Amino acid sequence: MPTEPSGHSQSTSRAESAGESDVARPFKGFATRAIRKGQDPCRSTGSTIVPIYQTATFTQEAVGVHKGFDYSRSGNPTRSALETALADLEGARFGSAFGSGMAAVNGATSSFLRAGDHIVATRDIYGGTFRLFSDVLPRFGIETTYVDMADLAATRAAIQPNTKLLWIETPTNPLLTLIDIRAICALRRPGQIVVVDNTFCSPFFQRPLELGADVVMHSTTKYINGHSDVVGGIVITDNADLAAQVAFHQNAVGAVPGPQDAFLTLRGAKTLALRMREHERNAQAVAAWLATRDDVSAVYYPGLPGHPQHELAKRQMHGFGGVVSFRVRGEATRALELAKLTRVFNLATSLGGVESLICSPATMTHGSVPLAKKAELGITPDLVRLSVGIEDIEDIIDDLESALDATLEEALVPA
Ligand SMILES: *Cc1c(COP(=O)(O)O)cnc(C)c1O
């Protein structure tokens, strides 16, 4: 149970009841834990499902005498159940949920840093994280160096005496480059913290704490909730000292999710194993099919044997995920045309929901990145990113085939 080590009220009554069965005989399997961990039936009503505790405050029997909760910013039973369950899926004891993935990114950095500290971060990190690190944290005296973390020598060289935090995102967005988590952890010096943004894999396909990372964060908006109807985030660690700092930040800054969002995210997470298997099966089929087309010049998916880091993917991940990117041949406008024509794939940013999404990273997710930097990262107009959903694979491929075929003329323009 992620009881807040700082002593803020967190579930004790439910935690203890959940703890009884867990201590007696902990559930082993991932799918079982996603459904059961922290989610024992309510002792007072028998409610099978963790209720939505839609309350701001909790009535006390006497001053300071309560059932583990006093105010919902500091702790709420629905949120506690979510934090317990998700922490367990990463193999950890402590989780602090946030109102968005970005609030979680802020929680996983600001909690540990002060003015004068330095971050070494993956070169092609999520755009929102880049904006926070580049436009917000410097105002508080925290600087970031971006480096290609697949290059260990370059990463080592980027570490300064005041480096406090190494920020890893793997696979990266949208080109699905991998970073060797174990190898980066081996560069960590005493006092430095390795944080992994594990959003793209979810704990079903990658568990960074087992590879040596100190902290994991997720945008639960994506695979963990999985239904594109909640924005949320979480920071997870098994280190009690770091957990106390995050829990303090969560309460002090107050960017917490409401009970409705916590409930929906917990409900989504119950089927994480089932969904991830389907996402992967479909993504693998889409990637293999795209690779057979002459009008597609490149396919990026760690599950393809031709992916330059396929061996690392097999070693580090338990599956290859549901995001596939590819480049179309032809006019610069072809990718945009294509994205307009799909019907199974909605034209939208975000990823990780049950429905398939298509986007043009150069204009959508990375629209605000300066052109030169985009070119350097390989985010050019011919690039298409797919979040492959869990619809029937025949419909998914049929949809892509129709859209690609309908824009074939544009592919025939001499390069
Ligand atoms: C979406 C996302 C975030 C930000 O999460 P929000 O829930 O949108 O605030 C951070 N990291 C990655 C990798 C993401 O995909």
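Here our numbering runs 1 ahead of the position in the sequence shown, where the first position is 1. Ideal Cβ placement from N, Cα and C applies to all residues, glycine included. Only a predicted model underlies this, so the values are computations on that prediction, with no experimental measurement involved.
Per DSSP, cross-strand counterpart(s) of residue i
i           : result
residue 347 : 358
residue 237 : 96, 217
residue 327 : 300, 385
residue 167 : 121, 195
residue 58  : 72
residue 144 : 119
Close beta carbons around residue i, own chain, < 7 Å, minus the five adjacent residues each side
i           : result
residue 1   : The structure shown does not extend to residue 1, since the chain is modelled only from 2 to 416, so the question has no answer here.
residue 412 : 296, 329, 330, 331, 335
residue 409 : 296
residue 266 : 83, 221, 225, 226, 231, 233
residue 74  : 252, 255, 257
residue 277 : 203, 205, 206, 224, 320
residue 394 : 283, 286
residue 91  : 204, 208, 210, 217, 237
Nearest-angstrom Cα separation, counted from residue j out to residue i
i           : j           : result
residue 111 : residue 220 : 17 Å
residue 346 : residue 300 : 17 Å
residue 363 : residue 380 : 6 Å
residue 253 : residue 113 : 14 Å
residue 392 : residue 198 : 27 Å
residue 353 : residue 173 : 14 Å
residue 19  : residue 28  : Residue confidence for residue 19 is low, a pLDDT of 42 falling below 50, so the modelled location carries little weight; the figure read from the coordinates is stated next. Taking the straight line joining both Cα atoms gives about 12 Å.
residue 212 : residue 373 : 34 Å
residue 286 : residue 183 : 29 Å
residue 344 : residue 214 : 40 Å
residue 281 : residue 261 : 29 Å
residue 243 : residue 41  : 27 Å
residue 376 : residue 367 : 11 Å
residue 129 : residue 370 : 11 Å
residue 60  : residue 168 : 41 Å
residue 326 : residue 333 : 16 Å
residue 283 : residue 228 : 17 Å
residue 241 : residue 94  : 8 Å
residue 72  : residue 264 : 18 Å
residue 116 : residue 38  : 38 Å
residue 164 : residue 250 : 21 Å
residue 290 : residue 273 : 25 Å
residue 170 : residue 127 : 8 Å
residue 191 : residue 160 : 13 Å
residue 293 : residue 313 : 24 Å
residue 87  : residue 317 : 20 Å
residue 339 : residue 310 : 28 Å
residue 137 : residue 143 : 9 Å
residue 248 : residue 397 : 42 Å
residue 298 : residue 196 : 34 Å
Residue i - DSSP class collapsed to helix/strand/coil
i           : result
residue 403 : helix
residue 195 : strand
residue 411 : helix
residue 341 : helix
residue 178 : coil
residue 63  : strand
residue 91  : coil
residue 397 : helix
residue 249 : helix
residue 151 : coil
residue 15  : The pLDDT assigned to residue 15 is 40, lower than 50, so where the model puts this residue is not dependable, and the model offers no usable value.
residue 45  : coil
residue 114 : coil
residue 380 : coil
residue 283 : helix
residue 51  : coil
residue 277 : helix
residue 226 : coil
residue 308 : coil
residue 260 : helix
residue 267 : helix
residue 4   : Caution applies to residue 4, whose pLDDT of 37 falls short of 50 and renders its modelled position unreliable; the model cannot decide the point.
residue 295 : coil
residue 189 : coil
residue 101 : coil
residue 370 : coil
residue 37  : helix
Chain C contact for residue i (CB, 9 Å cutoff)
i          : result
residue 73 : Looking for chain C here will not work: only one protein chain is present.
Contacting residues, own chain, Cβ-Cβ under 6 Å from residue i (five flanking each side not counted)
i           : result
residue 200 : 219, 220, 223
residue 305 : 288
residue 387 : 325, 359
residue 145 : 120, 122, 134
residue 399 : none
residue 385 : 327, 336
Distance cut-off 8 Å: residue i Cβ against heavy atoms of ligand 3
i           : result
residue 216 : Ligand 3 is absent from the structure shown, which contains only ligand 1.
Pairs of beta-carbons, one from the stretch 233 to 251 and one from the stretch 90 to 99, closer than 8 Å: are there three or more? yes
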